[in-house]
Structures are given as structure tokens and as C-alpha cells.
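These notes are about the structure you will find just below.
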Amino acid sequence: MANIDITLLTSKRTRISVDGLDSVAATQAGGYIVVAGESEVTTFGVHFPSNYIGQTSWVYMKNSKGEYKVKHFGTLQNADVTFTLPGEMTVAGNTYLVFYATYGEGESAIKTVWAPIVVPVASTGIDYRKVAVASPDVLEQVITEAGEAIRIAQSVREDADKGVFDGKSAFVRFSASENGTNMTSEWSAGQNYLGLYIGNEASEDPQDYNWTRFVGGSFCEDDGETNEVNYVIEDNTDMSFISENITSVKLTIPENIHHGYHAGVNFVSGSTAPTFEVINNSEYTIKIIQYGFVMSAYTPSANCSVSMSIICDGKFVHLSILEVAE
178 MANIDITLLT
188 SKRTRISVDG
198 LDSVAATQAG
208 GYIVVAGESE
218 VTTFGVHFPS
228 NYIGQTSWVY
238 MKNSKGEYKV
248 KHFGTLQNAD
258 VTFTLPGEMT
268 VAGNTYLVFY
278 ATYGEGESAI
288 KTVWAPIVVP
298 VASTGIDYRK
308 VAVASPDVLE
318 QVITEAGEAI
328 RIAQSVREDA
338 DKGVFDGKSA
348 FVRFSASENG
358 TNMTSEWSAG
368 QNYLGLYIGN
378 EASEDPQDYN
388 WTRFVGGSFC
398 EDDGETNEVN
408 YVIEDNTDMS
418 FISENITSVK
428 LTIPENIHHG
438 YHAGVNFVSG
448 STAPTFEVIN
458 NSEYTIKIIQ
468 YGFVMSAYTP
478 SANCSVSMSI
488 ICDGKFVHLS
498 ILEVAE
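Using this note's numbering, you'd call the opening residue of the sequence shown number 178 and step up by one each time.
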């Protein structure tokens, strides 16, 4: 059995089974903690929709260093393929997997792109499944090492509280911007930048902090009240507007969008389709993609659910649209 079992559906919802635990989640929220260098033991079982049998398929991978790799599965003999995560894709951080397949032949062939699967990769870790069946001496060693790590961490914290480090302490702040604008001492959704400052007391100037991007978590939120959607798209967030009487949808791509940015927006189109507008405040060119084709503009169809995936690859902002009839 593969460590990670992925079933690609016809919408942005993807069924993911991690180590035998099955769930249906937004693909942005799916994940498996891989230890760096775990490539030889972490396998993926991928199930394409049956209508893609006989078609060409592949997976596009990007690690946390921005390096890319493509794995071609060739012509699908059946709907299931298995592959091992390459070693260069197990660098500590998030590895993104985007699955592709063609459907049809010749000029009528359509390329299908599924929303990315996020695989968080840890730099170190313990395989607790192996520990559970380990001999008593191995288990004792693991517990001893963990206890020592806790003791060292507590000692460092006590020294910091006493001012042992030349009277200086480490202060952490969070922000939604890479320059620390509107930083806070408590983390909240959308704040994907962490700032560190070492001094005698916390600084209120963001420029004193060293800012690093990190992934604070993926969020799925619902809004069942809004009829006139005016939404600034948030990184790492899947936002669903589920009111049955939506009259307009206005989406804004923020100025601070970056390579690796990904989000989702979903809404319900009633018997009278809402108007649609997208404002791009970023430095990247936007590509609106529907059914595998780049569109100059998008007009929602009536009586359907609309799922949108917004991804920045460092060159373009891809806004992929999927309509599912009610």
C-alpha cells in the first residue's frame, strides 16, 4: 500500500488517504509529513478518473527551493499509477505536486490540470509507526533522546528568562507582508511571514526584524450570507461563498502575491448567473483557464457550482475555473 493514496476527482475536492486514514479535503489542506531523504520509502498511489485510460498523464513537482521535476506516467494502461517521491523533492519545506492528463485526441485534445497537493517535508523526524513495533531497547533509546531534547529546550528557555544571553532575548512577530507591515505578536490566518529580533526588549519597528516566509496552515472558510462578493484572495485559503442568491463576484489578486502562492475560491451560480470581475494588482500576468484553454475573460454559467484555483508559478498567475452543473 502507498503511504499517500490520491484519487483525482472531477472537481477541486480530492480524496486523499494518508497511511490508511481516508478523508475528503480541499487539496490545499491535504498533506503528509515526509522526513527529508525519505524518498525511498514514501510512495504515492494516484487514481485518475476512468475516462483518462489510454491518455497521457504526468505529475509536475516543485520543492521548497523552487526546483522543479516532471514525472511522466506515459499512456495510462489503467486508472492507477504508483511512483516514489524523488530525493531532490524531499528538501525540508513544502513540496507541491500538480497532476496533469490529456483527454481526447488531435486538435480536440484537452489538458486537465488538478489543483496542487501539498506535501510538507520535515528536516528531521521519527517514524512512530516503526517505533510502535520496535524492540524495547530501541524504544527506550527514542524516549531517552526525546527527554534530553526537552531538557535542553527547557534549559535554553530558563536562561533566556534570566537574561543569560547578555541581557538579550528573542522576540517573534507575525505579518501578512514580507516587510512586516502591521505585524502582531499573535499569529492569525493569512500571516505567512515570521519576524525574529534579538534585543533587550521587543522593537515596534518591523525593519528591526528578520522576516522569513513560512506556511502557517491551510484554511477552508464558508460565507453563506454575502450576495455581492468583493473578496481579496488570501494565500493558503480556500474560500466558499455558498449563498443561493449571489448577484456579483469581484475578486482581487493582491499586490504582494509571490511564487508558490496558492488559494481557492468557490461560489454558487443560481438561475441568474452573477456578474464576474477580477482585478490583478500583482506584477504577474494573469491567465484565466477554463477546460484547459486560456480565456480572455470569464462569464459564469447559470445553475452550477464554480470552483477556482489561483496559483502563482513565478511567471504567471493561473486562475483555473471548473464549473459543475447543479
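Even glycine gets a Cβ: it sits at the ideal position worked out from N, Cα and C.
### Query
DSSP three-state call for tyrosine 229: helix, strand or coil?
helix
### Query
Hey, quick one: how far does the beta strand (DSSP E) through tyrosine 245 stretch, first residue to last?
245 to 252
### Query
Contact check, tyrosine 237 vs tyrosine 280 under 8 Å by CB: the rounded distance?
That belief does not hold up - the Cβ atoms of tyrosine 237 and tyrosine 280 are roughly 17 Å apart, past 8 Å.
### Task
Ignoring anything shorter than 3 residues or poking outside the stretch 415 to 503, list the beta strand (DSSP E) runs there in chain order.
425 to 430, 439 to 446, 452 to 457, 462 to 467, 470 to 472, 481 to 489, 493 to 502
### Task
Please classify aspartate 182: does DSSP put it in a helix, a strand, or coil?
strand
### Query
If you compare alpha carbons, which of Glu503, Glu500, Pro477, Ile466 is closest to phenylalanine 493?
Ile466
### Query
Can we say the stretch 443 to 458 touches the stretch 403 to 417, given the rule of at least three CB pairs closer than 8 Å?
yes
### Message
Relative to the C-alpha of asparagine 458, which candidate in Asn433, Asn228, Lys248, Pro383 has its C-alpha closest?
### Response
Asn433
### When Glu454, Ile488, Ile487, Glu460 are compared against tyrosine 475, the one with the closest alpha-carbon
Glu454
#### Entry: Residues near glycine 357 in its chain [Cβ-Cβ closer than 6 Å; skip 5 each side]
Gly372, Pro383, Tyr386, Trp388
### Task
May I ask whether a heavy atom of the ligand GDP can be found less than 7 Å away from the beta carbon of leucine 274?
Among the ligands in the structure shown, none appear at all, so the ligand GDP cannot be discussed.
### Task
Would you mind working out which of Tyr370, Asn422, Leu428, Glu500 sits nearest alanine 353, comparing C-alpha positions?
Tyr370
#### Entry: Own chain residues within Cβ distance below 6 Å of threonine 361, not counting five before or after
Phe351
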